[in-house]
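Take the sequence shown: its letters are residues 278 to 453, numbered as in the working numbering.
Glycine included, every Cβ here is placed at the ideal spot set by N, Cα and C.
None of these values were measured; they are calculated from a predicted model.
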Amino acid sequence: MRYILSAFTGLAVALAVPAAPAVAQAPAAITVGMQVTDVSGAPVGTVQAIQGDNILVKTDKHEAVLPKVSFTPAEGKLLFGMTQAQLNTEIEKGLAAADAAIVAGATVKDPGGATVGTVEAVAADAVTIALPSGKKVQVAKSSVRGNPDGSVAIGLSAEQIEAQLGASRAAAPGGK
278 MRYILSAFTG
288 LAVALAVPAA
298 PAVAQAPAAI
308 TVGMQVTDVS
318 GAPVGTVQAI
328 QGDNILVKTD
338 KHEAVLPKVS
348 FTPAEGKLLF
358 GMTQAQLNTE
368 IEKGLAAADA
378 AIVAGATVKD
388 PGGATVGTVE
398 AVAADAVTIA
408 LPSGKKVQVA
418 KSSVRGNPDG
428 SVAIGLSAEQ
438 IEAQLGASRA
448 AAPGGK
């Protein structure tokens, strides 16, 4: 699962990066595959993708979406204000906090923020969601993410989940 650093952590990361020289220079191109290093030159990770104003960086353990402003291009690499260990630690803290938000009673929201349902039960690898229609659906725990506000995010709307439930019931023997 990809991790997106929170605005607070992102700000801390941005402030930890060395300032770019005051001399006007053409911005260096950031490319997929580019190495990310800390200010001492030690490896932090590799650029996996460029997503608008963000960069997907792969460390030795995690992938994280970080704002471009958190990096300083230098000599064909990107300088970053944290070591690999520090970045991994911040990602792990965020993942633990997000995982802690996945609890019974939490509101489940779709990508647009609309309510999909409520978490009814949480198992080691699955989450049961009660939909407004009264139906229940069990999804892989890896398909949901806890949010800082205590809600849980899923990548589908309630209508999409209901449609998938209807399609799977129709395909089942006996059509029910």
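Check, Outcome
"From the DSSP output, in three-state form, read off ASN331 for me.", "strand"
"Taking DSSP as the reference, what is the three-state secondary structure of GLU397?", "strand"
"Closer than 7 Å by C-beta to GLY322: which residues in its own chain qualify, once you throw out the five before and the five after it? Chain order, please.", "VAL313, VAL334, LYS335, THR336, GLN361"
"If we count the other Cβ atoms within 10 Å of its Cβ and call it buried at 16 or more, is GLU367 buried or exposed?", "buried"
"Closest to SER434 by C-alpha separation, out of VAL316, ALA341, VAL324, PRO388, would be which residue?", "PRO388"
"How many angstroms separate the CA atom of ALA401 from the CA atom of ALA351?", "44 Å"
"Within 10 angstroms of the Cβ of VAL393, are there 16 or more other Cβ atoms? Answer buried if so, exposed if not.", "buried"
"Distance check for GLY371 and GLY406, CA to CA, integer angstroms please.", "Reading the sequence as shown, one finds Ile at residue 406 and not Gly. Whole-angstrom Cα-Cα distance: 23 Å."
"If you drop the 5 nearest sequence neighbours on each side, which residues of the same chain put their C-beta closer than 7 Å to that of VAL480?", "Any question about residue 480 goes unanswered here, given that the chain covers just 278 to 453."
"Are any of the Cβ atoms in chain C nearer than 8 Å to that of VAL316?", "The structure shown has no chain C; it contains just one protein chain."
"Per the DSSP calculation, GLN312 is bridged to which residue(s)?", "THR323"
"So, at 7 Å on beta carbons, what are the nonlocal neighbours of ALA331 in its own chain, with the 5 sequence-adjacent residues on each side left out?", "With the sequence shown as reference, residue 331 is identified as Asn, and Ala is not the correct amino acid for it. Excluding positions up to five away in sequence, the list reads VAL342, LEU343, PRO344, LYS345."
"Considering THR366, what are the terminal residues of the alpha helix (DSSP H) in which it resides?", "361-377"
"For VAL346, which three-state DSSP category applies?", "helix"
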